[in-house]
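A.B. asks: Here it is: the structure, laid out below.
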Amino acid sequence: MIFYVDRNVTCDFSFAPEEIGKQVAECILEREGCPYEAAVSLLITDDKGIQEMNRQFRGMDKPTDVLSFPNISYDKPGDFSKVEETFADCFEPDSGELNLGDIVISRERVLAQAEEYGHSVKREFAFLIAHSMLHLCGYDHMESGEAEVMEQKQENALAALHITREEEMNA
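Following this line, the structure appears as C-alpha cells:
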C-alpha cells in the first residue's frame, strides 16, 4: 500500500502519522477484502484549511475533523467486484495501485477531540483515518443503521491494532 502524507501545517504528533495512517488503512482494506494494492493520500491541515474545503465541497462553512474524497462509487459498500470494469482509470498507471481517494484531517480537531473524549491523540488520529477509509470503501452514515455499521467496523479495526481507549490508557 502507498499512503501519501502531506502537511500544510506543523504536525508535532508524538507518533508518525505516515506509520499509523498506513497501518489503519491497511487494516481496513484487509478487513473489507480489498483485492488490490491501494494508494491513499492524506493532507493534514488546520481548522482554517479544512473549513475552506468543507465550504467549497460540502457547502458547510465550518471546520470539521475529517473529509473524505473517494475516487470510486460502489453499488454496495466494500464491494470491489466491479472496480476494474467501471473505474479502470482509478488505477495508478506506473504502480498499478488502486487510487481510493483522499483524506483531509484537521490537526486542531484531532488534538481537541482527543482531549474532549479523554483518549490519546494517536487514538483520535487512528479513529479518523479508519472512519475516512470506510468512506473511501463506500460506507456512509446518512441512513438509519449506517452509522452503527461504520462505528462497529472502526472499533473492530482499531481493536485489532490495539489502538483502543483502554490500551492507550494502559500504555
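Quick note on numbering: the sequence shown equals residues 93 to 263 in my numbering.
Cβ atoms here follow ideal geometry from the backbone N, Cα and C, with glycine treated the same way.
1) Between which two residues does the alpha helix (DSSP H) containing A239 stretch?
2) Exposed or buried, what is M102 when buried is set at 16 or more other beta-carbons lying within 10 Å of its beta-carbon?
3) Apart from the five residues just before and just after C126, which ones in its own chain have a Cβ nearer than 6 Å to its Cβ?
4) Sorted by chain position, which residues of the same chain lie with C-beta nearer than 7 Å to E243's C-beta, five sequence neighbours on each side aside?
5) Can you tell me the Cα-Cα spacing of E238 and G151, whole angstroms?
6) How is A178 classed by DSSP in three states: helix, strand or coil?
7) How about the region 107-118 and the region 205-223: do they share at least three Cβ pairs that are nearer than 8 Å?
8) Once you ignore the five residues that flank F179 on each side, which residues in its own chain have a CB closer than 6 Å to its CB?
C.D. replies: In short:
1) Membership of A239 in the alpha helix (DSSP H) is indicated by the continuous run E238 to A252.
2) Before going on, a small fix: residue 102 reads as Thr here, not Met. Classification for T102: exposed.
3) Contacts found: F172.
4) Same-chain partners within the cutoff: there are none.
5) The straight-line gap from Cα to Cα measures roughly 22 Å.
6) It should be pointed out that residue 178 corresponds to Thr in this sequence rather than to Ala. Look at T178 here: in three-state DSSP terms it is helix.
7) Two segments are said to touch when three or more pairs of C-beta atoms, one from each, lie closer than 8 Å; by this definition the region 107-118 touches the region 205-223.
8) So the qualifying residues of the chain are I164.
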